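A.B. asks: The following block contains the structure, expressed as structure tokens.
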Amino acid sequence: DSGVTQTPKHLITATGQRVTLRCSPRSGDLSVYWYQQSLDQGLQFLIQYYNGEERAKGNILERFSAQQFPDLHSELNLSSLELGDSALYFCASSSLLGRFNEQFFGPGTRLTVL
Amino acid sequence: GEDVEQSLFLSVREGDSSVINCTYTDSSSTYLYWYKQEPGAGLQLLTYIFSNMDMKQDQRLTVLLNKKDKHLSLRIADTQTGDSAIYFCAESPYGGSQGNLIFGKGTKLSVKP
């Protein structure tokens, strides 16, 4: 158990809908990362928050947004869902900024868009 | 742009050594990582190497880094069936405040008894 929790574990929804994925980082970790894992694209970095502030952005679509709350949990919002958004979404947390960055991954949320 | 490449599949017999190879693109990456993903689970950091090192050994794991060729390898000695998983190579190309990782697509290691 990494100490990172993600809910829900599975989510099935329809095209055009909006969903929210939730992540609670390890106790004391200030940094939260979101990654998308799909068969064709592999594991892609989406976005990073550090202590409530957006720190880095990767291949995140405009239909997607995230935030980190004062209690450090984070939510990833996916809207106008398309079939191609079906994927595993991982949250990771770390305590540090900087070059050495051990990230602890949650178990993921599997999103299926029908 | 950044790209990390690794072969997709590797099959070995129990007791043999496994070698998983990876090439990365960003020479400024200070740390390079190997993560392991077991079925239905998230990724777990297996080991890492600092870019000024050529080799790092950790029990059955040996990491070799050829910085000139931007080539990283992970050797698992005496591979066991429990080592069956997907292994991801990753680099952290941005120093300072950005710690996101760039991952390869993963090598699926199958260990036959």
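In the order they appear, the protein sequences are chains A and B.
The opening position of the first sequence corresponds to residue 15 in the numbering used here, with each subsequent residue numbered one higher.
The opening position of the second sequence corresponds to residue 1302 in the numbering used here, with each subsequent residue numbered one higher.
Every residue gets a Cβ at the ideal spot worked out from N, C-alpha and C, and that includes glycine.
None of the values given here were measured: they were computed from a predicted structure.
#1: Run through the DSSP bridge pairs and tell me what residue 1353 (chain B) is partnered with.
#2: For residue 1334 (chain B), is the beta carbon positioned less than 6 Å from some heavy atom of the ligand SAM?
#3: Against chain A, does residue 1343 (chain B) count as a neighbour if the rule is that its beta carbon must be under 7 Å from one of theirs?
#4: Less than 7 Å between CB atoms is the rule here; does residue 84 (chain A) satisfy it with respect to chain B?
#5: Just the Cα atoms here: how many angstroms apart are residue 31 (chain A) and residue 94 (chain A)?
#6: Quick one, which of A:106, A:42 and A:55 has its alpha-carbon nearest residue 90 (chain A)'s?
#7: Quick one: is residue 22 (chain A) near chain B, going by C-beta distance under 7 Å?
#8: Which ranges would you report for the beta strand (DSSP E) in the stretch 1321-1389 of chain B if only whole runs of at least 3 residues count?
#9: Taking buried to mean at least 16 other C-beta atoms within 10 Å of its own C-beta, is residue 1317 (chain B) buried or exposed?
#10: At 7 Å on the CB atoms, spell out the chain B contacts of residue 47 (chain A), in chain order.
C.D. replies: Checking against the coordinates, here is how it stands:
#1: As a working mapping, residue 1353 (chain B) is identified with position 52 in the second sequence. Note: residue 1353 (chain B) sits in no beta bridge, so no partner.
#2: Questions concerning the ligand SAM fall outside what the structure shown contains, since it holds no ligand whatsoever.
#3: Here residue 1343 (chain B) refers to the residue found at position 42 of the second sequence. Taking Cβ atoms only, chain A reaches closer than 7 Å to residue 1343 (chain B), which makes this a yes.
#4: If you number the first sequence from 1, residue 84 (chain A) lands on position 70. Chain B, which has no Cβ nearer than 7 Å to the Cβ of residue 84 (chain A), makes this no.
#5: On the first sequence, position 17 is the one that residue 31 (chain A) refers to. On the first sequence, position 80 is the one that residue 94 (chain A) refers to. So the alpha carbons of these two residues sit roughly 5 Å apart.
#6: In the first sequence, counting from the first residue as 1, residue 90 (chain A) sits at position 76. Among A:106, A:42 and A:55, the Cα nearest to that of residue 90 (chain A) is on A:106.
#7: Locating residue 22 (chain A) in the first sequence gives position 8, where the first residue counts as 1. Taking Cβ atoms only, chain B never reaches closer than 7 Å to residue 22 (chain A), which makes this a no.
#8: Segments of the beta strand (DSSP E) lying fully in the stretch 1321-1389 of chain B: 1332-1338, 1344-1351, 1356-1359, 1362-1367 and 1372-1377.
#9: Counted from its first residue, the second sequence places residue 1317 (chain B) at position 16. Here residue 1317 (chain B) is exposed: its Cβ has fewer than 16 other Cβ atoms, across all protein chains shown, within 10 Å.
#10: If you number the first sequence from 1, residue 47 (chain A) lands on position 33. Going along chain B in sequence order, the residues near residue 47 (chain A) (Cβ under 7 Å) are 1401.
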